[in-house]
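Below: the structure, in structure tokens.
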Amino acid sequence: MAATVVLLRDSADGLEVLMLERPGKGTFAGAWVFPGGKVDPDDYLEAEAEAGVPASPGTAVVNGLAKQLAAARNAGVRETFEETGLRIAGQELVHLSNWVPRHSLVRRFQTWFFLAAAPDGEVQLNDDELAGYAWMSPAEALRRHQAGSMQLVPPTWVTLHELSGFATVSDALAAVRGARPFDFESHVIDDPATGQIIVWAGDDAYPGPGPAASAGARHRLSTGSLPWRYERDH
1 MAATVVLLRD SADGLEVLML ERPGKGTFAG AWVFPGGKVD PDDYLEAEAE AGVPASPGTA
61 VVNGLAKQLA AARNAGVRET FEETGLRIAG QELVHLSNWV PRHSLVRRFQ TWFFLAAAPD
121 GEVQLNDDEL AGYAWMSPAE ALRRHQAGSM QLVPPTWVTL HELSGFATVS DALAAVRGAR
181 PFDFESHVID DPATGQIIVW AGDDAYPGPG PAASAGARHR LSTGSLPWRY ERDH
């Protein structure tokens, strides 16, 4: 399990998001991502302590969705500070979405995505883990990706796409607080004509559990060529 924190700030040009550049080797090599990382055993132990539940010696096993969410919040706070030097509190994180990668990947982590207003202070980049950082509007990040100058992975791209419609941090946080976090459990289709398509619940091609979508319904990201194209009917 992993956690990702999307830090937002207001600027003279509108809403901006903090993007971090991964180095040219390792996980997500060369990609621009949000702060975050794997949930560690101590994050589970802290969640159990916060809930008043004794931890099992040597296991740090947390049962229940609420405790998993608490552990993910702890990881988000910790990873954000480790990568950027910015301190946020767990209660400031607004749950945005959950991402489960396709089954064909060797390393699969369910990732909890959170939004938060960026705290005051300058970014102090962890040079051992990151190659650079930038504040920019979601639309600018998408434009750079379309131009081929910024590498993004699908969860980052979709999150930026969803944030591009907000003018301020308060607007974005209010909208997310008022919505149910969406579970993006990915299924990949290789289309001979257009290339790779990632589909999620709500798309008529999605094979997962739950009620069948109506014919022609769309919730998908076409990634076969630039620009990527996102379709969501609901």
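Residue numbers for the sequence shown follow our numbering, beginning at 1 and rising by one.
Built from N, CA and C at the ideal position, the CB exists for glycine as well.
Model, not experiment: these values are computed from the prediction.
Problem - Spatial distance of Phe-166 from Leu-7 (CA atoms) - result: Numbered from 1 along the sequence shown, position 166 holds the residue referred to as residue 166. Numbered from 1 along the sequence shown, position 7 holds the residue referred to as residue 7. For Phe-166 and Leu-7, the distance between alpha carbons rounds to 14 Å.
Practice task
Assign Arg-229 to one of three DSSP states: helix, strand, or coil.
Solution key: Here the question's residue 229 lines up with position 229 in the sequence shown. Arg-229 falls in the strand class under three-state DSSP.
Exercise for the section: Assign Glu-140 to one of three DSSP states: helix, strand, or coil. Expected result: Within the sequence shown, the letter at position 140 stands for residue 140. Helix.
Exercise for the section: Give the DSSP-derived three-state secondary structure of Phe-81 in the structure shown. Expected result: For the purposes of this step, residue 81 is identified with residue 81 of the sequence shown, where counting begins at 1. Of the three classes helix, strand and coil, the one that applies to Phe-81 here is helix, per DSSP.
Exercise for the section: Measure the C-alpha to C-alpha separation of Ala-47 and Gly-76 and round it to an integer number of angstroms. Expected result: For the purposes of this step, residue 47 is taken as residue 47 along the sequence shown, with counting starting at 1. For the purposes of this step, residue 76 is taken as residue 76 along the sequence shown, with counting starting at 1. Using only the alpha carbons, I get a separation of about 13 Å.
Exercise for the section: Below 8 Å on the Cβ atoms is my guess for Leu-115 versus Ala-172; work out the distance and round it to an integer in Å. Expected result: Looking up residue 115 in the sequence shown gives position 115. Looking up residue 172 in the sequence shown gives position 172. Right, their Cβ atoms sit about 6 Å apart.
Problem - Anticipated Cβ contact below 8 Å, Gln-151 with Pro-227, distance rounded - result: Looking up residue 151 in the sequence shown gives position 151. Looking up residue 227 in the sequence shown gives position 227. Wrong, their Cβ atoms sit about 14 Å apart, outside the cutoff.
Problem - Sequence-distant residues of its chain with Cβ nearer than 8 Å to Trp-236 (five each side left out) - result: In the structure displayed, the chain extends from 1 to 234; residue 236 sits before or after that span and is not available.
Handout entry: Where Arg-218 sits in the DSSP three-state scheme
Key = Looking up residue 218 in the sequence shown gives position 218. Here Arg-218 sits in coil by DSSP.
Exercise for the section: Say whether the stretch 27 to 37 touches the stretch 175 to 190, bearing in mind that this needs 3 or more beta-carbon pairs closer than 8 Å, one atom from each stretch. Expected result: no
Problem - Alpha-carbon to alpha-carbon, Ala-117 and Gly-85 - result: The residue given as residue 85 occupies position 85 in the sequence shown. The residue given as residue 117 occupies position 117 in the sequence shown. Looking at the two C-alpha atoms, the distance is approximately 15 Å.
Exercise for the section: Consult DSSP for Leu-129 and reduce its assignment to one of helix, strand or coil. Expected result: Residue 129 sits at position 129 when you count from the first residue of the sequence shown. Reading off the sequence shown, one finds Glu at residue 129, where the question assumed Leu. Note: Glu-129 maps to coil in three-state DSSP.
Practice task
Out of Arg-220, Pro-119 and Asp-40, point me to the one whose CA is closest to Ala-205's CA.
Solution key: Here residue 205 refers to the residue found at position 205 of the sequence shown. Per the Cα distances, Arg-220.
Exercise for the section: Go ahead and pull the three-state DSSP assignment for Val-123. Expected result: Within the sequence shown, residue 123 is the residue found at index 123, counting from 1. Here Val-123 sits in coil by DSSP.
Practice task
Leaving out five residues on either side along the sequence, give the residues of the same chain with a beta carbon under 6 Å from the beta carbon of Leu-125.
Solution key: Position 125 of the sequence shown, counting from 1, holds the residue named residue 125. Taken in chain order, the residues that qualify are Tyr-133.
Practice task
Tell me whether the beta-carbon of Arg-78 lies closer than 8 Å to the beta-carbon of Asp-127.
Solution key: To locate residue 78, count along the sequence shown from 1; it is residue 78. To locate residue 127, count along the sequence shown from 1; it is residue 127. Going by C-beta atoms, Arg-78 is not nearer than 8 Å to Asp-127.
Problem - Member of Glu-83, Ala-217 and Ala-201 whose CA lies at the smallest distance from the CA of Gly-210 - result: By one-based count along the sequence shown, residue 210 stands at place 210. The candidate whose alpha carbon is nearest that of Gly-210 is Ala-201.
Practice task
State the DSSP-derived secondary structure class of Lys-25, mapped to helix, strand or coil.
Solution key: Locating residue 25 in the sequence shown gives position 25, counting from the first residue. In the structure shown, Lys-25 sits in coil (DSSP, three-state: anything other than H, G, I, E or B).
Handout entry: Residue closest to Gly-14, alpha-carbon to alpha-carbon, out of Val-33, Ser-164 and Ala-89
Key = Numbered from 1 along the sequence shown, position 14 holds the residue referred to as residue 14. Checked all of Val-33, Ser-164 and Ala-89; the closest Cα to Gly-14 is Ser-164.
Practice task
Determine the direct distance from the alpha carbon of Ala-193 to that of Ala-70, and round the result to whole angstroms.
Solution key: Stepping through the sequence shown from its first residue, residue 70 is reached at position 70. Stepping through the sequence shown from its first residue, residue 193 is reached at position 193. Between Ala-70 and Ala-193, the C-alpha separation is close to 43 Å.
Handout entry: Inter-residue Cα distance where the pair is Val-123 and Ser-214
Key = Here residue 123 is taken as the residue at index 123 of the sequence shown, counted from 1. Here residue 214 is taken as the residue at index 214 of the sequence shown, counted from 1. C-alpha separation (whole angstroms): 46 Å.
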